[in-house]
Each structure stands twice: as structure tokens, then as C-alpha cells.
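The structure appears below as C-alpha cells.
Residue numbers (the working numbering): 906 to 1430.
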């Protein structure tokens, strides 16, 4: 008769900090490795930084030159925001990039009759950009107020591990339409990119050169270089010559029109498109996107903390980071990036893929963003990497972030029917409701909310387009109303509570203390 297994053989004790990382938040690789890793994070951030302007600028009436300037501006502001966040915000190794959450209100502004009526395309582009800037400047006040007043810290007291699991997980899973559907536009190199990235980062990660696991650490850079060269070979050999125009746009390496339109040197500056224009309806719709960015970033910050082998950020640190993110959206409005900012989920995933959660690496990547946004031609060269290559990497990196969210289940009792109900319903509605809004919008060319009040439509449609936001509303409501009295242990609160306050865990000082002895002036709570 087989011997009964011991308890320690079938259970894994919960751990505050993720194990198995080579470098945590405040430990650094050698300078050479740090710079190379920083460049890798910069390359990855280009996907969203190019994709958003490529989608929006033509709708606004802009040409290739306008698109290049918007990409440069977005990268420049992205670099500044990332550096500010890692230095004074949460201090987590998180890239602050352009956000898709702002698409609904921005497209609504683009279709505003007063702007759409402008005959000259370039004048329409400038007028639309200034309207977007004005809306962003006003809406940024939401995050600034919620962050610096510590109101978001107060709200976060209603969060528990059970409530946060769907939010963090859907910060990754909710972006499924940016993954394989984009890879499928050009499977000739999209699928090889996906397979090669998994091969290098997982199966060949033991391969070392000079005691450095080079394939694991630089899997993304190496696979992008190989597949980009392959894509260029396909383009040069005329493989796409007789394909439809849409396929050529996605697959050819010479269709982006970025390098030819880019200036050699150009420094973005505030109000470069002219004075912003302000409209109450536009601003109110944009506020919904700022709230969505707030929720998505909260999930991404908690994932970044885990992948940097840090403890969960205390409430006031999270709130401080949101305040700085509001400053970032304000800068996006002042410079004219055509969208707001949020935490880059793909870059959070890359922390886990490389097993390097160093803050310095992300600060170096911010330097690359600023440097190459000023040197236009060089930046445009890297920015012309076809989107299916980035999407293949997203398939792995978004999934990795989602699994970090699932890892918070270890602190809860998943033999509790209450917890199973909350997690399951939150996940399902977090995926199902936004999918309904997407399908409805694709068919009707407007969202399910379609009243005469455009600002109200933008507000509702933006909120329910976001998987993490829907999941937060459902999970936090259920978690704080269902059998609350006797469920503290099942919810994971005894573990979670010690990270709410800065002073309750000695490790917080190591991870989250402000530089230059600034904690004297801003004492943590």
C-alpha cells in the first residue's frame, strides 16, 4: 500500500516576495548588462508608442510627418514620466507609456462635428490635437487629486487579495486582442517570433556566455533582431508584392514611412501644436479614461512589485504613484502626445521574463526613450519594426503579468465557496462585458450608451471597455458585501493588512523610501 504523502510535499507555503529573481528592485547588474537591459525595455515600449499614433494621426487628418512628431513626443514624455515615477512615485521598476484606455474619448473628439467640418486636413489635425490636449490637461486633475490627497490610499483599504486577483490578472488577460489577433495579420514572421521567444527565454535559458545567461536575459532583443532581419528579407525578395494593401501595411518593413519623414534632430516642447482648447464635454469623457488608467495602473503596480521581488506597495506609496501619474497625464496634455499615460503592462512582463526587477534598468530605458526621441532618424529606424513582431512578444508577456495576478490566490482560501464565487464571477464579467461593448461598437459604429449627451456616452463606454475596471467594480463590491463579518482569514486579510502602512513592515523602507532624504519633508503614513 502506497504511503500517504506528507503535507509539506503537497503544499507550497505562501511567500511575501517572489523567489527566483536574479536582481530585485534595489540590486543592479553590471553597468554593461544594465544598459543592454534598459535598451531592451526601450525597444519593447516602442510597440505601443508607435501603434497608437499610427492608428490616431490619420483619423485626425495628419500626414506621415505629423505621425513621426507624435511618436517622438510620446516617447519623449514617456521617458520623463518613467523617470519621475521610478524616482519620486511608487519607485517601482515600471515604464509609464501611452494608454489605449483613452481611445473612446479621443475618437469622440476626432468625430466632433465642429472639428470634422474643417476642410484642410493639416488644420483639422492641429485643431483636434489641441482639443485632445485641453481634455487631457483638465482630466489629469482627477489622478492628481486622488493621488496627492491620499484618497486613493483610503479607497485601497477596501481591497483584499481576493478582490485584487481579477484586477491584476485582467491587466494582462484583458489585452488579449493586442496579442494573437495582431500576430495573425502576418503569420509568416509573427509565429516564428512567438516560438523563438519562448525557445530562447525558457528552453535555452541555461545557455551561458561568460557566466551570463545571455539567451534568457536578452531573449527579446535577440529574437526581434533575427525576425526583423527575416521580415526585411521577405520584403526585399518581393514576397508581399502581390498581396492586398492591408497585408503589405502589416508585413512589409518599408511601409511605416517613419524613417523618411523623421527629422535628424527635433526636441519636443510644451504647446508645440499651439494653445490647447477646452471643452467641458470632452474633458468629462476624458476623466473616465483617467479613472480607467488609475485602475489598470493599480493592478500593474502590484504585479511590478511582485516581479521586482518587493513587498506589495503600501497604500500611501500607491497613492503617491497615482499622483505622479496624474502629473504624467498633465505633461501628455501639455506636450501633445495624442493620448494619456498608464503603466506599460508588457514592460512589467519583461521583468519576469528576464528575472531582473532592477529599478536602475528602467531608469536607463527612460534615458534611451528621451535620447532616441530627440535623434529622430535613429529612433524611427527602431520604430519601423512591424507590429506583429511586438504582438508575438505580448502573447508571452501579457500572460506572465496575468499569472502574477493569479499568484495572489496563494494568500486566500480557495476552498471557500464565497471566494470561488467572487473570483469566478469577477473574471467572467471582466472579460464578457468589455467584449460585448467591443462587438456592439464594431457593428453599430457607436457604443451601447448612445444618448444625446456625448460626454455621458464617452464616460460609460470608456469605463465598460476596460476589463480590469469592470473586474474591480464587481470583485470589490462582492468582496465587501458578501459574508464580510467572518471571512477576513479566507480573504487573505491577515497577510494583506501588514502591507497597508509603510511602518508595519521594515522592508518597505528599503523598497519605497524617497531619494535625497525627501522622507523628512513627506513622512510616510
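Even glycine gets a Cβ: it sits at the ideal position worked out from N, Cα and C.
Unbroken beta strand (DSSP E) stretches of 3 residues or longer found wholly inside the region 1147-1196: none. Boundaries of the beta strand (DSSP E) around residue 1248: 1246-1248. With 16 or more neighbouring CB atoms inside 10 Å of its own CB, residue 1206 falls in the buried class. Out of 1418, 941, 1294, 1021, the CA that lies nearest to the CA of residue 1225 is found in 1418. Residue state for residue 1210 is assigned as helix, using DSSP reduced to three classes. Residue 1040 has its alpha-carbon roughly 22 Å from the corresponding atom of residue 1249.
The three-state secondary structure of residue 1084, taken from DSSP, is coil. Closest in alpha carbon position to residue 1370, among 1354, 945, 1056, 1385, is 1354. Residue 1190 has its alpha-carbon roughly 20 Å from the corresponding atom of residue 1180.
Going by DSSP, residue 1001 is part of the beta strand (DSSP E) stretching over 1001-1003. Under the three-state reduction of DSSP output, residue 1108 falls in the helix class. Residue 1057 and residue 1423 have their alpha carbons spaced roughly 21 Å apart.
Taking C-beta atoms as the reference points, residue 1310 and residue 1073 count as a pair closer than 7 Å. Residue state for residue 1053 is assigned as helix, using DSSP reduced to three classes.
With a threshold of 16 other beta carbon atoms within 10 Å, residue 1357 falls short and is exposed. A check of alpha carbon separations from residue 1227 across 1053, 987, 1044, 1258 identifies 1053 as the nearest.
The C-beta distance from residue 1298 to residue 1204 rounds to 20 Å, too long to meet the 8 Å contact threshold.
Per the Cβ contact rule, the region 1329-1339 is not in contact with the region 1092-1112 (fewer than 3 Cβ pairs under 8 Å). Contact holds between the region 938-945 and the region 1122-1134, because three or more Cβ pairs, one in each stretch, are under 8 Å apart. Within the region 1284-1368, the runs of alpha helix (DSSP H) that reach at least 4 residues and sit entirely inside it are, in chain order, 1292-1312, 1322-1349. Apart from sequence neighbours up to five positions away, the residues of its chain that approach residue 970 with a beta-carbon distance below 7 Å are 1166, ordered along the chain. Sequence-distant Cβ neighbours of residue 1087 in its own chain, meaning closer than 7 Å and more than five residues away, are 1292, 1293, 1296. Judged by their CB atoms, residue 1209 and residue 1253 are nearer to each other than the 7 Å cut-off. Judged by their CB atoms, residue 975 and residue 1288 are not nearer to each other than the 7 Å cut-off. Scanning its chain for C-beta atoms nearer than 8 Å, with the 5 sequence neighbours on each side dropped, one finds no residue around residue 918.
Residue 1397 and residue 1220 have their C-alpha atoms roughly 16 Å apart. For the pair residue 1247 and residue 993, the Cα-to-Cα distance works out to about 16 Å. Residue 1114 is bridged by DSSP to 1117.
With fewer than 16 other Cβ atoms inside 10 Å of its own Cβ, residue 1113 counts as exposed. Note that the C-beta distance between residue 1045 and residue 1235 is below 7 Å. Of the residues assessed, residue 1341 falls on the exposed side of the cut-off, its CB having fewer than 16 other CB atoms within 10 angstroms.
Two segments are said to touch when three or more pairs of C-beta atoms, one from each, lie closer than 8 Å; by this definition the region 1359-1379 touches the region 1076-1085. In the three-state reduction of the DSSP assignment, residue 942 falls in the helix class, which pools H, G and I. Under the 8 Å Cβ criterion, the region 1007-1018 counts as touching the region 954-968, having at least three qualifying pairs.
When rounded, the separation of the alpha-carbon atoms in residue 1217 and residue 1153 is 45 Å. By the CB criterion at 7 Å, residue 1003 and residue 957 fall inside the cutoff.
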